[in-house]
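*Asks:* Residue numbers for the sequence shown, in our numbering: 6 to 228.
Note that the Cβ used here is the ideal one computed from N, Cα and C, for glycine as well.
Got a structure for you, questions after.
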Amino acid sequence: MKKQYFSLFPLAVALAIPGQAAAKAGDVQVKLLGTLVAPDGKIQDVKTDRLGLPAGTQTKADDNVVPTLAVEYYVTDKLSLETIAGVTQHDVDGRGALAGAGLVSDARIVPATLTVKYHFGKEGGVQPYIGVGPSYFIFIDEKPGATAVALGATRQKIDDKFGAALQAGVDVPVNDKGLAVTFDAKRYFLRPTARWFAGTTEVLRTKHKLDPWVISAGVAFRF
């Protein structure tokens with residue numbers, strides 16, 4: 006598991022510096038972030054099994070830390086729309102009867118997301134927010150892991166999937182020019198289907214509870 010620790014020093018500095026003007030309708034905010042993506046990946050249902058998975062087989066996707074970019078548009082002084090850009094990569098390994106087995110290798114994910122955010126707080130002060138919105142997870146170039154290959158799989162595909170995201174965070178102003186330190190947490194909810202093939206024959210199909218936590222920290226620029 007990869008871990009990321011974010012320093013509290015920028016937050017202490019931000020609290021000691023005079024705040025910025027409140028956001029206004031039409032403002033744009035760009036955020037440069039370091040992001041921890043921590044998915045679940047648990048099997049909810051086995052639809053097809055021609056590989057003979059042992060009873061009690063379970064899965065878990067590994068965590069990853071990636072750079073991300075968020076762009077936010079203020080529709081009103083308190084209401085904004087935000088989208089994020091980034092690509093994260095994960096392996097899926099077995100648990101239970103197949104503990105440590107490699108089932109999916111190098112699955113790249115584009116978590117296309119649009120959230121509607123409501124901002125709290127007074128002008129010039131700390132600005133907490135909450136958000137909610139749809140997501141569409143695009144899976145790119147995933148491959149069967151070593152164990153799946155040994156069991157006869159030659160190709161692997163995870164279906165792109167719509168989901169939903171809940172969001173909460175805070176923007177802490179650093180100066181009166183639109184610079185802030187930002188902290189953000191999202192919880193996604195989606196149920197993708199994974200398929201393994203031997204040639205053109207589907208040999209395994211499983212439905213998964215993915216539900217990643219996406220935790221970010223970085224800097225924001227509003228103009």
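(1) For VAL51 and ALA190, what's the separation of their Cα atoms in angstroms?
(2) For VAL80, is the classification buried or exposed, using 16 other Cβ atoms within 10 angstroms of its Cβ as the cut-off for buried?
(3) From the DSSP output, in three-state form, read off SER221 for me.
(4) Please state whether DSSP places THR205 in a helix, a strand or coil.
(5) Which residue comes first and which comes last in the beta strand (DSSP E) that contains VAL154?
(6) Where does the unbroken beta strand (DSSP E) through LYS166 begin, and where does it stop?
(7) For LEU280, tell me which candidate among ALA102, GLY130, GLN63 has the shortest Cα-Cα distance.
(8) The beta strand (DSSP E) that contains GLU128, what's its start and end?
(9) Return helix, strand or coil for LEU119, following the three-state DSSP convention.
(10) Please work out which residues of its chain come closer than 8 Å, Cβ to Cβ, to ALA169, disregarding the five sequence neighbours upstream and downstream, and give them in chain order.
(11) Can you give me the C-alpha to C-alpha distance between PHE144 and ALA117, rounded to a whole angstrom?
(12) Quick one: measure Cβ to Cβ for LEU74 and VAL121, integer angstroms, because I've assumed they're closer than 8 Å.
(13) Can VAL115 and VAL131 be called in contact, C-beta distance under 7 Å?
(14) Is it right to say ASN69 is buried, meaning 16 or more other beta carbons lie within 10 angstroms of its own, or is it exposed?
(15) When burial is assigned at 16 or more other CB atoms within 10 Å of the CB, is ASP164 buried or exposed?
(16) Per DSSP, what kind of secondary structure is GLY138 in: helix, strand or coil?
(17) Taking the Cβ atom as the reference point for each residue, do ALA203 and GLY157 lie within a distance shorter than 7 Å?
(18) Leaving aside the five residues before and after HIS124 along the sequence, list all residues of the same chain whose C-beta is less than 6 Å from its C-beta, in chain order.
*Replies:* In brief:
(1) Answer to the nearest angstrom: the Cα atoms are 31 Å apart.
(2) Burial check for VAL80: the Cβ neighbour count within 10 Å stays below 16, so the residue is exposed.
(3) It is a strand residue.
(4) Per DSSP, reduced to three states, the secondary structure at THR205 is coil, with no helix or strand assignment.
(5) Where VAL154 is concerned, there is no enclosing beta strand (DSSP E), although the alpha helix (DSSP H) it sits in stretches over 151 to 155.
(6) Run containing LYS166: 166 to 178, per the beta strand (DSSP E) assignment.
(7) This structure does not reach residue 280, given that the chain is present from 6 up to 228, and the question cannot be answered.
(8) Looking at the DSSP string, GLU128 is not in any beta strand (DSSP E), and its letter there is neither H nor E.
(9) Of the three classes helix, strand and coil, the one that applies to LEU119 here is strand, per DSSP.
(10) Sequence-distant Cβ neighbours of ALA169 in its own chain, meaning closer than 8 Å and more than five residues away, are VAL137, GLY138, PRO139, SER140, TYR193, PHE194, LEU195.
(11) Using only the alpha carbons, I get a separation of about 11 Å.
(12) At roughly 19 Å, the Cβ-Cβ gap does not stay under 8 Å, so LEU74 and VAL121 are not in contact.
(13) No, these two residues do not count as a Cβ contact at 7 Å.
(14) The residue in question, ASN69, is buried, as its Cβ has 16 or more Cβ neighbours within 10 Å.
(15) Label assigned to ASP164: exposed.
(16) In the three-state reduction of the DSSP assignment, GLY138 falls in the strand class.
(17) Less than 7 Å separates the beta-carbon of ALA203 from that of GLY157.
(18) Cβ neighbours of HIS124 beyond the five flanking positions: LYS83, GLN132, TYR134.
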